[in-house]
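A short worksheet on the structure shown next.
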Amino acid sequence: MDMRPAFPAGEARRAARGGALLSGPILRRAALDAFTKLDPRRLVRNPVIFVTEVVAILVTILAIRALALGQPWAFQASIALWLWLTVLFATFAEAVAEGRGRAQADSLRRARTETQAKLLLRSDDRALWQPRAATELRVGDLVLVEAGDLIPSDGEVAEGIASVNEAAVTGESAPVIRESGGDRSAVTGGTLVVSDWIVVRITAAPGSTFLDRMIGLVEGAARQKTPNEIALDILLAGMTIIFLIAVASLVGLASWNGQPPSVAVLAALLVTLIPTTIGGLLSAIGIAGMDRLVRFNVLATSGRAVEAAGDVDVLLLDKTGTITLGNRQAAGFMPVPGVTERDVAEAAVLSSLADETPEGRSILAFARERFGIDAPALPEDARVIPFTAQTRISGLDLPSGSYRKGAVDALLRSLGGEAPAEMRAAVDRIARAGGTPLAVARNGQLLGAIELKDIVKTGMRARFDALRRMGIRTVMVTGDNRLTAAAIAAEAGVDDFIAEATPEDKLAYIRKAQAEGRLVAMAGDGTNDAPALAQADVGLAMQTGTQAAREAGNMVDLDSDPTKLIEVVEIGKQLLITRGALTTFSIANDVAKYFAILPAIFVASYPELGALNVMGLATPESAILSAVIFNALIIVALVPLALRGVRYVPVGAAALLRRNLLIYGLGGIAAPFVGIKIIDVIISLLGLV
Amino acid sequence: MTLIGWAQIALVLGAIVAAAIPLARYIAAVATGHVTFLAPVERAIYAVGGIDPARGMDWKAYTLAMLATNLTGFLALYALLRLQGVLPLNPQGFDGVPPWLAFNTAISFVTNTNWQAYSGESAMSYLSQMAGLSVQNFLSAATGIALAFALCRAFAGGGLKALGNFWADVVRIILYLLLPLALVVGLAFVAMGMPQTLAPYVEATTLEGATQTIPLGPVAFQIAIKHLGTNGGGFFGVNSAHPFEGPSALATALQIWSHQVIPFALALAFGHIVGDPRQGRALLGVMLAFVVAGTWIVYAAEAAGNPLHIAAGVDPVLGNMEGKEVRFGQALVALFTATTTGASNGAVNAMFDSFTPLGGLVPLFLIQLGELLPGGVGSGLYGMLVLVLLAVFVAGLMVGRTPEYLGKKVQAREIKLAMLAVLVLPAVILGFTAVAVVLPMAASSIQEQGPHGLTEILYAYASATGNNGSAFGGLTADTPWMNTTLGIAMALGRYAYIVPMMAIAGSIAAKPKLAASSGTFPTHGPLFAGLLAGVILILGGLQFMPALALGPVAEHFVLAAGKTF
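Line order of the protein sequences matches chains A and B. The numbering used here puts the first sequence at residues 16 to 704. The numbering used here puts the second sequence at residues 13 to 577.
In structure tokens, the structure reads:
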């Protein structure tokens, strides 16, 4: 029986988040992997790099032949060498991206249990079990998990309650409660029961548990090309064919007036023209994007979901816990005429001494902050009047007097008599502002009201403004009435809200938005969120949520923080931007390469075409070689950018496009002019050609 | 270049844009079935043809209907040309057209290319000109516009299956757009001095006492549709340079107006049909910019003249006037050249073969960019939209969303089809040209040595594949090899492009139309126009740069160095 404690994989992942992009071991392993990836059967999945490899093989054969025949071979050999390096740099980029995921997968794999599970033979008898390997468990089996046991597979708590350390998957070491029924019934294989016991009904077949999926994802093993990636691949393959035609036709065209260029030169022209830069980095970009999400403790079930996140234009956010702090907090004291604010505060503090609810604590905190009133310890002779759903009043009886607080109507009724007009006005004002009023009384006499408010988390308004600039509407979902909801919505700065929301309302809102042609993202954790999570284009389920919610969503947040939906959107956008930017850069590069290579290859037929050599490259050979070298080195130079992603700034699409076109479009045209010239100067100085 | 020259250019372009704006609204109304003033005629045609205009066709049915119509047109025209010797309206008694030439000519007119390996006045009967070539001038133009309508509708709606009814579209386009415009323009041409007669050619005795045959014919109305439909096939061999086909500078200006106004209006009509006129204006802006740039380069290059002539003592003031009509001058020739090649028209009023290398580079490059600036009627718009999809796909990613255009996601299927479509041009042009220069049977058609010879053959295949139809010159085109390969190039350039384009239309139509937000890639305004222009230039340039470097670019530098071949 495996009794190892939970593994700090999650913590390692968290630590890695801020860590260096590349580390020594990853690079060493990647350098080796780069060679194994040269296998043409694997490389054929990447048409651009595959063509490069075929051309490299061809030129290598020609160089060897020239050597054997005693012909000049050095130029062909240098071209061949740099073509091979181009292929290697591309496979290296992919290997590095995979290596970063593999480090995480290894630590996760250690958490995957080779546990012996306690398989219950009868559902009603916990004492009767037999050991069974976790890998042989079937869906529907019942297993007993006791304190110190690892949970053998994913499942739902059928019976019992236990605290579970889920650090293996979430990285959060504080135990969480798992119990049967309700929204906290899902357990994850590989997590550790710390106290008590539970009976778990297995819901995942061996090999397809949450942990298995996670390992597959971070490792890139289960990686399938995403829709956008496939489309981009087709574009790149198409461009490759176009350049094949353009270069192959030169054999005929150039023979009209002189000799066609040699195969090595045509090979160099072809490889520099086809989009090797983006072709070499494309899969690394995809793996790195997924990896960013995992480091962010969000697991997507598919790359498709990550891309969809970039497209989202409506964000459904629950009010409580997402937009506001979880609980209402005291925000003001409003006395009736003849009473001071301080009197109300003191009475409120005394009436709340025994109130352990967050609201009660917040009254004490607010009174201390506002009036410096330190709450005394609960006197031993105090009689506590507890809150009940019937009375809706709570308080204390002390020798010095009785103190009560409670719902306004309930307290007034118990006091008898009318509230003064000022009191009624204050209560009204509080309700309109989205708060909850409580009445306070001392010795049967009304003192005033306490204002309890939903406190909007700091910085939410700014984030919603940023989202709006990105073109994303935020919608607050709350069970509050319209009046309260409208007030909080205004304070938080959301674009719309759904008040008195039922799960059906959420689903209906999502369907309506989708019918208008919008893509919707939402976060949820309860079983009743599942239909909406499934309907939404991006459904972010909370790790603490139910199995149903986790199955319905297409992402799971291991930190169970619904505000992370915003970052998920940004990560999705960043992934797409990085792809687009490097594609644009790659194609724009070709302009300069033409100016380097065309005069070089045609100068024999038409010496006057030397006028096109605007970079003033030393010799035709050095010009061709410089372009090939630049083409190879730019892949390595851009690996960090591909892994890190292009910086995303939350501005409107027009501004973003202008900025990125300037950097990657115009930059892509200009950069190789400089780069090729520098390389040409260096290889001329070294006398390489 | 002179101020008066630029004033001419500005005046003609201004008249085109001014007319395109209202015409665009009218075309959009025709496309959406809101023009009905000839409803009885329409109904009669539908009754005779057994057409139900309300029956929607999906992309396959629409494409098949188009292919069937075009195939029928090809066969009918081929038969007519072969049999013209025994048919009436043949006052000069021309024989039937030989098979290779008839094959080439029939494809040429059905595909809206109007490449002419013959001279009309010495090969075509009046019946062939009127019932054969002119009919196809209307039909091929209507075909292009109908296909563009189908693509516009695909972008306009969401979740559509049907793209419209091909037969009804063609009938309406001819009835409401092409015929009325051709009637007005044709009458204007008659007024400007073009013949419109069925009388035989006139025998005249010159002042020196020699006998001269002056060809006549039903010219004016055929020239009207030749330009309005961006067909370009001249009544006479020398096309718009002929005194009866281009009688005056004014007639030339009206011809330029005629072959530009519908393509420009279609770009704007696209904006109206999709419900956002700014989209159309962005496309028009790109088209116009290329036309102006092309005109400017031709004008500048020709006005600068040939350095060898100047060295030999020719007055440089006039520039290079070889192959140009003095009646038109440099400015109108430059504008005519850029517009006729940018618009896939192919009419010419000067000899490209006599242009300076850079002046000749412009028409060649404008064709190679894909005939979308503004392109042929209809074909220019759909060609442009395919390029828009590619531009949006690459650059659209840079705003962080999967790319979309007008609320339609651009995904793998569209990209695959768009790449298939854009592959046609380089594959056919470069493939045939490369074969032609090494194959003695083909190379013997090339009359010039050196880079100029390469330009001639490259231009021929570009013109055929781009469905332009203009000839650079200096090429013996009426040989079995050239007639066959150019015919194949024309068919591939037209239909191998149309089929994937229509598949895109089908795929786009079926997609839901997504709502725009400030996070959506903006496809109007100068930024997008600049991006689109850049993509067109770079994509086209990258494909043809090596070939151009060996042709006109090499010739330019060689000429500057004073070398000849």
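C-beta: ideal position from N, C-alpha, C; glycine also. These numbers come from a predicted model, not from an experiment.
Candidates the options: closest to residue i by CA position
{"i": "A:D695", "options": "A:I612, A:A652, A:A516", "result": "A:I612"}
{"i": "B:R413", "options": "A:F381, A:G85, A:G667", "result": "A:G667"}
{"i": "B:G170", "options": "B:V286, B:T477, B:V326", "result": "B:V286"}
{"i": "A:G353", "options": "A:A279, A:Q460, A:A390", "result": "A:Q460"}
{"i": "B:S260", "options": "B:L193, B:V338, B:A236", "result": "B:V338"}
{"i": "A:A392", "options": "A:L411, A:A324, A:A108", "result": "A:L411"}
{"i": "A:A282", "options": "A:A652, A:I616, A:P655", "result": "A:I616"}
{"i": "A:L207", "options": "A:S195, A:G196, A:A189", "result": "A:A189"}
{"i": "A:M485", "options": "A:D328, A:S377, A:L591", "result": "A:D328"}
{"i": "A:E371", "options": "A:V399, A:A500, A:D164", "result": "A:V399"}
Where the alpha helix (DSSP H) containing residue i begins and where it ends
{"i": "B:Y74", "result": "71 to 95"}
{"i": "B:Q272", "result": "261 to 285"}
{"i": "B:L549", "result": "537 to 560"}
{"i": "B:P319", "result": "319 to 323"}
Own chain residues within Cβ distance below 7 Å of residue i, not counting five before or after
{"i": "B:L487", "result": "S457, I458, Q459, E468, I469, A472"}
{"i": "B:L381", "result": "I548, G552"}
{"i": "A:R476", "result": "A507, G508"}
{"i": "A:R319", "result": "T241, P242"}
{"i": "A:V618", "result": "L624, G625, P635"}
Segment limits, beta strand (DSSP E) that includes residue i
{"i": "B:T217", "result": "214 to 217"}
{"i": "B:D365", "result": "No beta strand (DSSP E) contains B:D365, which DSSP labels as neither H nor E."}
{"i": "A:S178", "result": "170 to 180"}
{"i": "A:D572", "result": "570 to 572"}
{"i": "B:T223", "result": "223 to 226"}
Chain A contact residues for residue i, given Cβ-Cβ distances below 7 Å
{"i": "B:P438", "result": "I257, I260, A261"}
{"i": "B:I427", "result": "A246, I249, L250"}
{"i": "B:P524", "result": "G532"}
{"i": "B:V449", "result": "G267, L268, S270, W271"}
{"i": "B:R431", "result": "The amino acid occupying residue 431 of chain B in the given sequence is Met; Arg does not appear at that position. Simply I249, L250, G253."}
{"i": "B:F533", "result": "A668, L672"}
Close beta carbons around residue i, own chain, < 6 Å, minus the five adjacent residues each side
{"i": "B:G465", "result": "I458"}
{"i": "B:A277", "result": "A32, L35, A36, I39"}
{"i": "B:Q555", "result": "P438"}
{"i": "B:Y188", "result": "V42, V47"}
{"i": "A:R19", "result": "For A:R19, the predicted model reports a pLDDT of 36, less than 50, meaning its position is unreliable; a value from the coordinates is still stated below. Closer than 6 Å at Cβ, skipping near neighbours: no residue."}
{"i": "B:F484", "result": "F364, D365, E468, Y471"}
{"i": "B:A162", "result": "Y74, L175, G176, A517"}
Cβ shell of residue i (< 8 Å), same chain only, five flanking positions each side left out
{"i": "B:Y138", "result": "L101, N102, P103, L210, G229, P230"}
{"i": "A:I217", "result": "L152, R153, V154, G155, D156, L157, V158, P167, S168, D169, G170"}
{"i": "A:L53", "result": "E68, V102, L103, T106"}
{"i": "A:D389", "result": "R383"}
Proximal chain A residues relative to residue i, where beta-carbon distance stays under 9 Å
{"i": "B:M453", "result": "The premise fails here: B:M453 is roughly 14 Å from chain A at the closest Cβ pair, so nothing lies under 9 Å."}
{"i": "B:A476", "result": "Near B:A476 there are no residues of chain A at all, since even the closest Cβ is about 16 Å away, more than 9 Å."}
{"i": "B:L539", "result": "A669, L672, R673, L676"}
{"i": "B:F377", "result": "Under the 9 Å cutoff, chain A gives no residues; its nearest Cβ is about 14 Å from B:F377."}
Per-residue contacts from residue i into chain B (C-beta, under 7 Å)
{"i": "A:D326", "result": "R413, T414"}
{"i": "A:R594", "result": "L409"}
Under 9 Å by beta carbon: chain E residues contacting residue i
{"i": "B:Q555", "result": "Of the chains in the structure shown, none is chain E; the protein chains are A and B."}
Chain B residues whose Cβ lies nearer than 8 Å to that of residue i
{"i": "A:Y15", "result": "Residue 15 of chain A lies beyond the range of chain A shown here (16 to 704); nothing can be said about it."}
{"i": "A:E623", "result": "A566, F569, V570, A572, A573, K575"}
Inset, instruction - With 9 Å as the limit, tell me which residues of the region 407 to 426 of chain B have their beta carbon closer than that to any beta carbon of chain A; keep them in chain order. - result: For the region 407 to 426 of chain B, the beta-carbon criterion of a distance under 9 Å to any beta-carbon of chain A is satisfied by A407, G408, L409, M410, V411, G412, R413, T414, P415, E416, G419, K421, V422, Q423, A424, R425, E426.
Inset, instruction - Return the residues of the region 662 to 679 of chain A that lie within a Cβ-Cβ distance of less than 8 Å from chain B, sorted by chain order. - result: Y663, G667, A668, A669, L671, L672, R673, N675, L676, Y679
Inset, instruction - Mind checking the region 86 to 112 of chain A against chain B and listing, in chain order, the residues whose C-beta falls within less than 9 Å of any C-beta there? - result: none
Inset, instruction - Please name the residues in the region 162 to 183 of chain B whose beta-carbon is closer than 8 Å to at least one beta-carbon of chain A, in chain order. - result: The residues in question are G170.
Inset, instruction - Could you run through the region 479 to 494 of chain A and flag, in chain order, every residue whose CB is less than 8 Å away from some CB of chain B? - result: R483, R484, M485, G486, I487, R488
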